[in-house]
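Visitor: Would you mind keeping the following structure in view while I ask a few things?
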Amino acid sequence: MTAANLVAHLRLRPTMLSDLDFVIGVEREPANRPFIAEWERTQHEGAVRFPDFRHFIVEAGPGTQAVGFVILQGCRGQHRSVELKRIVLQTKGQGLGRACVRQLKRIAFRDLRAHRFWLDFKADNQRARALYESEGFVVEGTLREAVSIDGGYASLLVMSILDAEYAARRAAGLEAG
Ligand SMILES: CC(C)(COP(=O)(O)OP(=O)(O)OC[C@H]1O[C@@H](n2cnc3c(N)ncnc32)[C@H](O)[C@@H]1OP(=O)(O)O)[C@@H](O)C(=O)NCCC(=O)NCCS
6 MTAANLVAHL
16 RLRPTMLSDL
26 DFVIGVEREP
36 ANRPFIAEWE
46 RTQHEGAVRF
56 PDFRHFIVEA
66 GPGTQAVGFV
76 ILQGCRGQHR
86 SVELKRIVLQ
96 TKGQGLGRAC
106 VRQLKRIAFR
116 DLRAHRFWLD
126 FKADNQRARA
136 LYESEGFVVE
146 GTLREAVSID
156 GGYASLLVMS
166 ILDAEYAARR
176 AAGLEAG
């Protein structure tokens, strides 16, 4: 399966409780642990059940092969400020992240009618930063030494894209695919 084929078949479907072994397994993979704060199963269960969250399994390829998961939060909030809480993919560097982020922007702005779509990530996560910047997210600032990690602290970078910026990108043909 080529990378282009994987991307062409990318789908998001609602996570079911029976998917949580997979979700927790992906979250705990050594390649992902440095970038993700591990959640308890009950936190994922809450995100599957509570209407303010959207918890999705990412599938790619012609079948129903799961390749990761994503979580949105703030989907019912009065401020229309939706957070991309988490995105974790097993297959990296093949364009699935970009395709996912585009679908998530579509969900946030078109389906959930967000005004602001935002996220944070560890400041040394170069791959995430390159992806979000090239998808129109703007740096809002740094939460300095905001999370404790390995006996020290890591800073978080906050980025966002607003509905008007998304509309301008669509008009410029930057949201295709
Ligand atoms: C971050 C993540 C979602 C990105 O998804 P991905 O499928 O690997 O990313 P893509 O293949 O779509 O690449 C997107 C861009 O990232 C950048 N990138 C890819 N690999 C990179 C690397 N090793 N180093 C730096 N930048 C990189 C490139 O700019 C790339 O765009 P390009 O190929 O058009 O130049 C995925 O790697 C992942 O799950 N990582 C672990 C968890 C995580 O960090 N989540 C984000 C924080 S919550």
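When the count follows my numbering, it moves up by one through the sequence shown with no breaks and lands on 182 for the last residue.
Yeah, the Cβ is synthetic: ideal placement off N, Cα and C, and Gly gets one too.
This one's a predicted model, so the numbers in the text were calculated from it and none came from an experiment.
Return the chain-ordered ranges of every beta strand (DSSP E) run that is complete within the stretch 99-150 and spans a minimum of 3 residues.
Guide: 121-127
Visitor: DSSP has ALA159 in a bridge; who is on the other side?
Guide: The residue you call residue 159 lines up with position 154 of the sequence shown. According to DSSP, ALA159 bridges with VAL152.
Visitor: Ordered along the chain, which non-local residues of its own chain (more than five positions away) have a Cβ less than 6 Å from that of PHE114?
Guide: Locating residue 114 in the sequence shown gives position 109, counting from the first residue. If we look at PHE114 and ignore the five residues flanking it on each side, its Cβ neighbours are ASP168, TYR171.
Visitor: Using CA coordinates, which residue listed in ASP57, GLY100, GLU34 is at the minimum distance from ALA9?
Guide: Taking the sequence shown and counting its residues from 1, one reaches residue 9 at position 4. For the residues ASP57, GLY100, GLU34, the minimum Cα distance to ALA9 belongs to GLY100.
Visitor: Near ILE41, which residues of its chain fall below 8 Å by C-beta distance, leaving aside the five closest residues on each side in sequence?
Guide: The residue you call residue 41 lines up with position 36 of the sequence shown. Within the same chain, ILE41 has close Cβ partners GLU32, ARG91, VAL93.
Visitor: For ILE154, tell me which candidate among ALA128, ARG118, VAL144 has the shortest Cα-Cα distance.
Guide: Residue numbering aside, residue 154 sits at position 149 when the sequence shown is read from its first letter. Selected option, being the one with the closest Cα: ALA128.
Visitor: At a cut-off of 7 Å, is SER139 close to ligand 1 when judged by its beta-carbon and the heavy atoms of the ligand?
Guide: Taking the first residue of the sequence shown as 1, we reach residue 139 at position 134. Indeed, a heavy atom of ligand 1 lies less than 7 Å from the Cβ.
Visitor: Go to HIS49, then tell me how far its alpha helix (DSSP H) extends in each direction, as first and last residue.
Guide: Walking along the sequence shown from the start, residue 49 turns up at place 44. Unbroken alpha helix (DSSP H) run through HIS49: 46-54.
Visitor: Along the chain, where does the alpha helix (DSSP H) containing GLU43 start, and where does it finish?
Guide: Here residue 43 refers to the residue found at position 38 when the sequence shown is read from its first residue. Neither: GLU43 is in no alpha helix (DSSP H) and is coded neither H nor E.
Visitor: Please name the residue in GLU138, TRP44, ASN37, ILE62 whose C-alpha comes closest to that of MET21.
Guide: Taking the first residue of the sequence shown as position 1, residue 21 is located at position 16. Considering only alpha carbons, the answer is ILE62.
Visitor: Identify, in the order they occur along the chain, each residue of the same chain with its Cβ nearer than 8 Å to the Cβ of THR147, setting aside the five sequence neighbours on each side.
Guide: Position 142 of the sequence shown holds residue 147. ALA128, SER160, LEU161, LEU162, VAL163, listed in sequence order.
Visitor: Strictly by DSSP, which residues pair up with PRO19?
Guide: As a first step, residue 19 must be located in the sequence shown, where it is residue number 14. DSSP output for PRO19 lists PHE61 as bridge partner(s).
Visitor: Regarding ARG132 and ligand 1, is the C-beta to nearest heavy atom distance less than 7 Å?
Guide: If you number the sequence shown from 1, residue 132 lands on position 127. Within the cutoff, so yes.
Visitor: Can you tell me whether GLU34 is helix, strand or coil according to DSSP?
Guide: To locate residue 34, count along the sequence shown from 1; it is residue 29. The answer is coil: DSSP assigns GLU34 none of H, G, I, E or B.
Visitor: By the three-class DSSP mapping on this structure, what secondary structure does LEU167 have?
Guide: The residue given as residue 167 occupies position 162 in the sequence shown. LEU167 falls in the strand class under three-state DSSP.
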